[in-house]
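Undergrad: Numbering (the working numbering), first residue to last: 55 to 318.
Even glycine gets a Cβ: it sits at the ideal position worked out from N, Cα and C.
I have a structure here, written as structure tokens, and I will follow up with some questions on it.
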Ligand code: SAM
């Protein structure tokens, strides 16, 4: 296949065999897995994954790529292509419908919507065994960053509260056609088990983390002013003079669970 890659769909097709092999080895598909690939493109990962697992469901937004994917898959295994925007795919319902407890998700993601895709998958974490994604290296660095790091922020906190984040290896621009402008990395995400997951209200947690990092140079009592006062912050065992970038993910959970004066 050699259609002209479409910029508007974030198409950068992987062509270097050694990286394709490393990604497939990291995923290590087994015949009883229910594998879902986001954005199969021309099939660089699709066909080796299909060969290993025997079946695969792929979600692709670009209709033009689908006939060729189906034709090439015919001799390899059972490929189901869902023509959809991945952000509209309900992974929990998919697992239900397919009669499997959980999905394994993989993909060389379209970079223009990589964060929305991550948040979308995290919302379905209970229906997912693991995820292997190719992303901009800068995004993977932010996902895995620890408190105190310059790139620690909202993405680090929200992802680390839902998943174990394991950066695996970097991939240079030359491994893709056309080459993206940035370096890429492959990351593994393993959703936390039910007893490891936080029990804060998701909307409240989201609001607290967003406000805290919107003004990351400010103290928490300033940054969270609209949500809670210094006394409420202290009651969560957090110093109101601290800055968001120094807090561990668990600190944000305690802040989200504090009853503010207006609710008492
Ligand atoms: N997996 C292929 C590879 O590694 O060569 C293609 C990866 S390319 C970076 C991203 C793929 O995601 C493209 O095939 C693109 O058409 C598809 N895509 C873009 N936006 C999408 C969306 N919202 N939902 C599903 N697929 C999308």
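Evaluate residue 280 with the Cβ neighbour count: other Cβ atoms within 10 Å of its Cβ, from every protein chain shown; 16 or more gives buried, anything less gives exposed.
TA: exposed
Undergrad: Rounded to the nearest angstrom, what separates residue 64 and residue 209 at their Cα positions?
TA: 21 Å
Undergrad: Taking a contact to mean a Cβ-Cβ separation below 8 Å, would you say residue 201 touches residue 300 in this structure?
TA: yes
Undergrad: Would you mind listing the beta strand (DSSP E) stretches within the region 58-112 that are 3+ residues and don't spill past its ends, in chain order?
TA: 89-92
Undergrad: Roughly how many angstroms lie between the CA atoms of residue 248 and residue 216, to the nearest whole one?
TA: 10 Å
Undergrad: Would DSSP call residue 131 helix, strand or coil?
TA: Here DSSP, grouped into helix, strand and coil, assigns residue 131 to coil.
Undergrad: Counting C-beta neighbours from all protein chains within 10 Å, is the total for residue 155 16 or more, i.e. buried, or is it exposed?
TA: exposed
Undergrad: From residue 290 to residue 153, what distance separates their C-alpha atoms?
TA: 41 Å
Undergrad: DSSP three-state call for residue 240: helix, strand or coil?
TA: strand
Undergrad: With the cut-off set at 8 Å, would you say residue 205 and residue 199 are in Cβ contact?
TA: yes
Undergrad: When you measure from the CB of residue 140 to every non-hydrogen atom of ligand 1, does any distance come out below 7 Å?
TA: yes
Undergrad: Under 8 Å between the Cβ atoms of residue 298 and residue 270?
TA: Going by C-beta atoms, residue 298 is nearer than 8 Å to residue 270.
Undergrad: For residue 310 and residue 260, I'd like the C-alpha separation in whole angstroms.
TA: In a straight line, the C-alpha of residue 310 is about 8 Å away from that of residue 260.
Undergrad: Does at least one heavy atom of ligand 1 sit under 7 Å from the Cβ of residue 53?
TA: In the structure as shown, the chain starts at 55 and stops at 318, and residue 53 therefore has no counterpart that could be examined.
Undergrad: Determine the direct distance from the alpha carbon of residue 275 to that of residue 294, and round the result to whole angstroms.
TA: 5 Å
Undergrad: Could you please give me the residues that DSSP links to residue 223 through a beta bridge?
TA: 240
Undergrad: Based on the DSSP secondary-structure assignment, which residues constitute the bridge partners of residue 162?
TA: Beta-bridge pairing links residue 162 to 188.
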